[in-house]
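Participant: Handing you a structure now.
There are 4 protein chains.
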Amino acid sequence: MDNTYHPLAPDWQVQQWFNTPAPLTLPSLRGKVIVLESFQMLCPGCVSHGLPQAIRVHAAFPREQVAVIGLHTVFEHPDVMTPAALQAFLHEYRIPFPVGVDQPAPRGPIPMTMRAYAMQGTPTLTLIDRQGRVRQQHFGQISDLVLGAQLGALLNEAPVAAGEASPFAGCTDDGCATPEPAGAAR
Amino acid sequence: MDNTYHPLAPDWQVQQWFNTPAPLTLPSLRGKVIVLESFQMLCPGCVSHGLPQAIRVHAAFPREQVAVIGLHTVFEHPDVMTPAALQAFLHEYRIPFPVGVDQPAPRGPIPMTMRAYAMQGTPTLTLIDRQGRVRQQHFGQISDLVLGAQLGALLNEAPVAAGEASPFAGCTDDGCATPEPAGAAR
Amino acid sequence: MDNTYHPLAPDWQVQQWFNTPAPLTLPSLRGKVIVLESFQMLCPGCVSHGLPQAIRVHAAFPREQVAVIGLHTVFEHPDVMTPAALQAFLHEYRIPFPVGVDQPAPRGPIPMTMRAYAMQGTPTLTLIDRQGRVRQQHFGQISDLVLGAQLGALLNEAPVAAGEASPFAGCTDDGCATPEPAGAAR
Amino acid sequence: MDNTYHPLAPDWQVQQWFNTPAPLTLPSLRGKVIVLESFQMLCPGCVSHGLPQAIRVHAAFPREQVAVIGLHTVFEHPDVMTPAALQAFLHEYRIPFPVGVDQPAPRGPIPMTMRAYAMQGTPTLTLIDRQGRVRQQHFGQISDLVLGAQLGALLNEAPVAAGEASPFAGCTDDGCATPEPAGAAR
């Protein structure tokens, strides 16, 4: 069990979802380890490395344990990497997992979720633990061996069972602390 | 010298060119072996196999001997595989050779050049010899070894043998020969 | 912490060691996760898959956490896969981790350690946890992603700290159990 | 037809043959393009690159046109890379083409054929044309595309052009010509 403080993952701001009957949210996935694959459909490193690795993760781990989610974080060529183009891409490349379109920002090319996670580019792989906390974020390539080890460690952590004290919460003789810093109220 | 009858390659019908200062035509490339790589930017086999192979050919052979030309033969998702989207794709994937956009047909999804060459899909690799004749056409994957052997054979053929009438012909003191046997009128 | 009962790894019976100043034993590695790569130098799957994967593991994880050990388990062509041939092989292939030569059995082609671990062939990858227990054994290929996940899980388990009760030991009101079944005394 | 002067390939000096019912000689293969793959069984570049490429060539071209021949040119670790070890290696790696063991030299580590061809190491790929002349020799890696092109060019050459004096020559009504310029006497 990792008791270090890790920040909660920011909410996803998604304009449109594909490959899922209903929008996905972090709270609805609580208890699973989340592999968030942020990509652009015309980014060569995403197509040759990031997305194939995400597909391998999706195939290797049980859905009840690991949720693989794509996020189309367009910050280049927005006129051609539209949701309609993404839909054709997802179909042609047979992407099997849910993919959200990151909400464009009112100003500037970086969309909202990409900004909230402070991603440096695409592909970016973010690992979110069973408690909804960001534990790893990689820009560029990461080997299957290292990614597997990080997933294995996170999967080996107990989720917080219902009715159980959070590892952050903690009551002592002095009182009870909030499970999260008050400023992180969501 | 291969004296078997091979049909002349049909003219290219191109809507727009990229990566070249001027439109390219078959007659302007006469004397070179042409590798015509027909693809769609959202076709996975084109992105993972066809285009990388075309880039390897472009790098391995001298430009004076072998001309590698891309042809964007869109027959699916024409609304998103637009010339503007292709331009972004060529930039992101650093495609180094000229690429033409095949002219859409008045009716039906198959564009004009793709139709004239009777291509079955993408990727398709067409080999055109020094005399402008189609010598090989492959739909799908072809190994580097076999493609190399076909290129090596075509490169080893004289453009037009000395003292021999060119099949494209010409006029001598005796008169003007048809460039092709009369029965091959097109 | 995995409290399921897992058998202790059998001792290694090694005729000769390479790439290590002193023989290695399981007790001397206690506290580390051990990746035991059993191979034959003329086994194609070992050379193309098993050993390169072991080298990647050796490079990816800290030596204090993960010990990669090769075991030359010759059960075919013993006349040519001699320790002298192995030494040349290890040199040419630049194998960076310690390798032991499994002790030939008095009868039959299967050497002693291979037999004790009930391996089915080569390559075989055995994962031994920080407490010296066999936790996984794979004959043939295993993906980096799955191997990484298994390593990540084992690395996330606490070793038994000095002066701490063993997870196997356990005293209840009824008495104190031995940390291992008595029959497993070593 | 390449009329440049190219030296005749030196005879092979082979101690023992595998995968062939009878010893092979250059004259017996005259008319075919020969791909001679020189290797050592414990040379990593031979096992990972040279031999797999030779196997691909063997599979891609008709046997009547291209003869793939292996040559075990041991210049390191001769005590362990014996003919018996080679035999086990050829069996385990399922090498499908004939392989000769290069004759050790009376003095020095470089065996006789390797010396006669002035090879620089292993793997070395030598291309011998239909007339028995060395046309290309590559030490290290060569791409399938470039090798294919060289093979394609050699295959496109006539064995001996009709009505032309063979370079191996022969006798006419006028007498008997030497097969090679006199200075090349061997």
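Keeping their order, the protein sequence lines are chains A, B, C and D.
Heads up: the first sequence is residues 7 to 192, going by the working numbering.
Heads up: the second sequence is residues 7 to 192, going by the working numbering.
Heads up: the third sequence is residues 7 to 192, going by the working numbering.
Heads up: the fourth sequence is residues 7 to 192, going by the working numbering.
Beta carbons: idealized from backbone N, C-alpha and C, even for Gly.
What are the boundary residues of the alpha helix (DSSP H) that Leu35 of chain D is part of?
Facilitator: Counting along the chain, the alpha helix (DSSP H) containing Leu35 of chain D begins and ends at Leu32 to Leu35.
Participant: Going along the chain, which residues of its own chain have a beta-carbon closer than 8 angstroms to the beta-carbon of Leu160 of chain C, five neighbours each way excluded?
Facilitator: Correct list, in chain order: Val39, Leu133, Asp135, Arg136 and Arg141.
Participant: When you compare the CB of Phe95 of chain A with every CB in chain B, is at least one pair closer than 7 angstroms?
Facilitator: For Phe95 of chain A, the answer is yes, since a Cβ of chain B falls inside 7 angstroms of its Cβ.
Participant: Are the CB atoms of Gln21 of chain B and Gln126 of chain B within a distance shorter than 7 angstroms?
Facilitator: In this structure, Gln21 of chain B does not lie closer than 7 angstroms to Gln126 of chain B by Cβ.
Participant: Please state whether DSSP places Gly106 of chain C in a helix, a strand or coil.
Facilitator: Of the three classes helix, strand and coil, the one that applies to Gly106 of chain C here is strand, per DSSP.
Participant: Compute the Euclidean distance between the alpha carbons of Ala73 of chain A and Thr130 of chain D, then round it to the nearest angstrom.
Facilitator: Rounded to whole angstroms, Ala73 of chain A to Thr130 of chain D spans 49 angstroms at the Cα level.
Participant: Determine the closest residue to Asp150 of chain C out of C:Pro16, C:Arg62 and C:Gly37, with distance taken between C-alpha atoms.
Facilitator: Of C:Pro16, C:Arg62 and C:Gly37, the residue nearest in Cα terms is C:Arg62.
Participant: With 16 as the cutoff for other CB atoms within 10 Å, does Arg139 of chain B come out buried or exposed?
Facilitator: Arg139 of chain B comes out buried.
Participant: With a cut-off of 7 angstroms, does the C-beta of Ala90 of chain A fall near any C-beta of chain B?
Facilitator: Yes, Ala90 of chain A counts as interfacial toward chain B.
Participant: If you measure from the beta carbon of Pro58 of chain B to each beta carbon in chain A, is any gap under 7 angstroms?
Facilitator: Chain A contact via Cβ: absent.
Participant: Does DSSP put Pro13 of chain C in a helix, in a strand, or in coil?
Facilitator: Coil at Pro13 of chain C, not helix or strand.
Participant: What first and last residue would you give for the alpha helix (DSSP H) that runs through Thr119 of chain B?
Facilitator: Taken as a continuous stretch (DSSP letters only), the alpha helix (DSSP H) holding Thr119 of chain B covers Met118 to Ala122.
Participant: Please check the pair Gly158 of chain A and Gly56 of chain C, which I expect to be a contact at CB under 8 angstroms, by giving their CB distance rounded to whole angstroms.
Facilitator: At roughly 20 angstroms, the Cβ-Cβ gap does not stay under 8 angstroms, so Gly158 of chain A and Gly56 of chain C are not in contact.
Participant: Can you find a CB in chain A that lies within less than 7 angstroms of the CB of Pro110 of chain B?
Facilitator: Pro110 of chain B does not count as touching chain A.
Participant: If I'm right that Gly76 of chain B touches Val53 of chain B with Cβ under 8 angstroms, what's the distance once you round it to whole angstroms?
Facilitator: 12 angstroms between Cβ atoms; not a contact.
Participant: Which residues bound the beta strand (DSSP E) around Gly76 of chain C?
Facilitator: That run of the beta strand (DSSP E) goes Val72 to His78.
Participant: How about Val41 of chain D: is its C-beta nearer than 7 angstroms to some C-beta of chain B?
Facilitator: Closer than 7 angstroms: no.
Participant: Tell me, which residues are paired with Thr40 of chain D by DSSP?
Facilitator: First, the amino acid is wrong: residue 40 of chain D is Ile here, not Thr. Per DSSP, D:Ala73 and D:Ile134.
Participant: Could you spell out the range, first to last residue, of the beta strand (DSSP E) harbouring Arg141 of chain B?
Facilitator: From DSSP, the beta strand (DSSP E) with Arg141 of chain B extends over Val140 to Phe145.
Participant: With respect to the alpha helix (DSSP H) encompassing Phe95 of chain D, which residues constitute its N-terminal and C-terminal limits?
Facilitator: That run of the alpha helix (DSSP H) goes Pro89 to Glu98.
Participant: Taking the runs of the alpha helix (DSSP H) that are 4 residues or longer, which of them lie wholly in the segment 42–67 of chain A?
Facilitator: Here the runs fully enclosed are 57–66.
Participant: Looking at the strands, I want to know which residues DSSP matches up with Gln22 of chain D.
Facilitator: D:Val107, per the DSSP bridge assignment.
Participant: Just reading off the alpha helix (DSSP H) that Gln156 of chain D is part of, what are its end residues?
Facilitator: Start and end: Asp150 to Leu161.
Participant: What residue from D:His83, D:Ala65 and D:His144 has the CA that sits closest to Met47 of chain D's CA?
Facilitator: Taking only the C-alpha atoms, the option nearest Met47 of chain D is D:His83.
Participant: Within a Cβ cutoff of 8 angstroms, which residues of the same chain sit near Met87 of chain B, ignoring the five residues on either side of it in sequence?
Facilitator: Gln46, Met47, Leu48, His78 and Val80, listed in sequence order.
Participant: Please list the partners that His83 of chain C has in chain D, where partner means a Cβ-to-Cβ separation under 7 angstroms.
Facilitator: Chain D residues near His83 of chain C: Ala94.
Participant: The segment 148–165 of chain D: which residues have C-beta closer than 9 angstroms to a C-beta of chain B, in chain order?
Facilitator: Residues passing the 9 angstroms Cβ filter: Ser149, Asp150, Leu151, Val152, Leu153, Gly154, Ala155, Gln156, Leu157, Gly158, Ala159, Leu160, Leu161, Asn162 and Glu163.
Participant: How would you label Pro68 of chain C, buried or exposed, when you count the other beta carbons within 10 angstroms and need 16 or more for buried?
Facilitator: Counting Cβ neighbours within 10 Å, Pro68 of chain C comes out exposed, since fewer than 16 surround it.
Participant: Going by other Cβ atoms of all chains shown within 10 Å of its Cβ, with 16 needed for buried, is Ala124 of chain D buried or exposed?
Facilitator: Exposed is the call here.
Participant: Give a yes or no on whether the C-beta atoms belonging to Pro27 of chain A and His64 of chain A are separated by under 7 angstroms.
Facilitator: Not a contact, by the Cβ cut-off of 7 angstroms.
Participant: Where does Gln147 of chain D land, buried or exposed, given buried means 16+ other C-beta within 10 angstroms?
Facilitator: Its Cβ having fewer than 16 others within 10 Å, Gln147 of chain D is exposed.
Participant: Contact defined as beta carbons within less than 8 angstroms: I believe Leu30 of chain A pairs with Trp23 of chain A. What is the distance between those atoms, to the nearest angstrom?
Facilitator: Right, the Cβ-Cβ distance comes to about 7 angstroms (below 8 angstroms), so this counts as a contact.
Participant: With 7 angstroms as the threshold, decide whether the Cβ of Arg62 of chain C is near any Cβ in chain A.
Facilitator: Judged by the 7 angstroms Cβ criterion, Arg62 of chain C is in contact with chain A.
Participant: With 16 other CB atoms within 10 Å as the buried threshold, where does Pro50 of chain D fall?
Facilitator: Exposed: under 16 other Cβ atoms inside 10 Å.
Participant: Should Pro13 of chain B go down as buried or exposed, given a rule of 16 or more other Cβ atoms within 10 Å for buried?
Facilitator: The residue in question, Pro13 of chain B, is exposed, as its Cβ has fewer than 16 Cβ neighbours within 10 Å.
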